[in-house]
Amino acid sequence: KNQVEQSPQSLIILEGKNCTLQCNYTVSPFSNLRWYKQDTGRGPVSLTIMTFSENTKSNGRYTATLDADTKQSSLHITASQLSDSASYICVPSNFGNEKLTFGTGTRLTIIP
Amino acid sequence: ETGVTQSPTHLIKTRGQQVTLRCSSQSGHNTVSWYQQALGQGPQFIFQYYREEENGRGNFPPRFSGLQFPNYSSELNVNALELDDSALYLCASSPERESYGYTFGSGTRLTVV
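First to last, the sequence lines map onto chains P and L.
Using the numbering used here, read the first sequence as starting at 196 and increasing by one per residue.
Using the numbering used here, read the second sequence as starting at 15 and increasing by one per residue.
Here is the structure:
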């Protein structure tokens with residue numbers, strides 16, 4: 196059964212600090228992994244999409260890493276801002292899949 | 015280029031009623047997928063429509079049905095509403111059937127009382 200485990204479940208950090216969110220997955224076959232940011236009550240917004248051959252991808256203050264051998268990914272947020280408060284969801288998938296299987300994500304809260 | 019638009023943004027219905035949610039896909043996208051997201055959970059796949067035909071369905075009962083129109087907009091219909099149907103309903107459009115190019119709308123918050 197395909198599974199996605201994210202840690203921590205929730206995280207509170209001070210504004211300006213860095214943080215790293217972890218994702219372990221068992222999706223097979225696997226071809227790509229994306230990280231989404233979801234504000235409460237809003238739709239998910241894609242932060243990064245990586246194929247299995249990519250090790251890292253950045254989008255501004257967000258940097259995602261991927262190790263397809265160990266089936267692990269991380270999302271590093273630099274110099275956090277209050278607007279980074281949201282849920283962050285890791286979604287591994289395979290090309291050709293019509294659907295995405297979401298986990299419950301990590302709930303990040305930035306405090307001033 | 016317009017994004018994915020969903021309507022209404024919020025809705026309150028009574029148990030047993032029927033509801034229709036609407037989604038306008040992003041320009042150039044011919045595929046629409048619907049997801050249900052209960053509070054504190056990740057989105058769950060309901061079904062996908064590609065060129066007006068259903069193309070994949072998740073583990074939802076038949077009272078969840080959909081339509082896609084020639085302009086690729088879509089509707090999600092839920093009959094005989096139950097309290098557990100209360101959730102955020104998300105629509106995502108993509109250029110083709112694969113999920114790679116998904117763009118999500120902001121969702122419709124449905125409350126069943």
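Glycine residues also receive a C-beta, built at the ideal position from the N, C-alpha and C atoms.
It is roughly 10 Å from the alpha-carbon of P:V286 to the alpha-carbon of P:Q198. Look at L:G70 here: in three-state DSSP terms it is strand. Residue-level contact check: L:G115 does not touch chain P, since none of the beta carbons of chain P fall below 7 Å from its beta carbon.
Counting other Cβ atoms within 10 Å of its Cβ, P:G300 reaches 16 or more and is therefore classed as buried.
By the neighbour-count definition (other C-beta atoms within 10 Å, threshold 16), P:R229 is a buried residue. For the stretch 90-110 of chain L, the beta-carbon criterion of a distance under 7 Å to any beta-carbon of chain P is satisfied by L102 and L104. At a C-beta separation below 8 Å, P:K294 has these neighbours in chain L: S47, F59, Q62, G70, G72 and S113. Residue contact check for L:Q82 against chain P: no CB pair falls below 7 Å. For P:T299, the chain L residues whose C-beta falls within less than 9 Å of its own C-beta are G54, Q55 and G56, listed in chain order. Between the stretch 205-212 of chain P and the stretch 267-285 of chain P, the count of Cβ pairs shorter than 8 Å is three or higher; the stretches touch. In the three-state scheme derived from DSSP, where H, G and I count as helix and E and B as strand, L:D98 is classed as helix. The Cβ-Cβ distance between P:N254 and P:T243 falls below 7 Å. P:L270 sits close to P:Y283, with the two beta carbons spaced by under 7 Å. Boundaries for P:K266: no beta strand (DSSP E) harbours it, and the DSSP string shows neither H nor E there.
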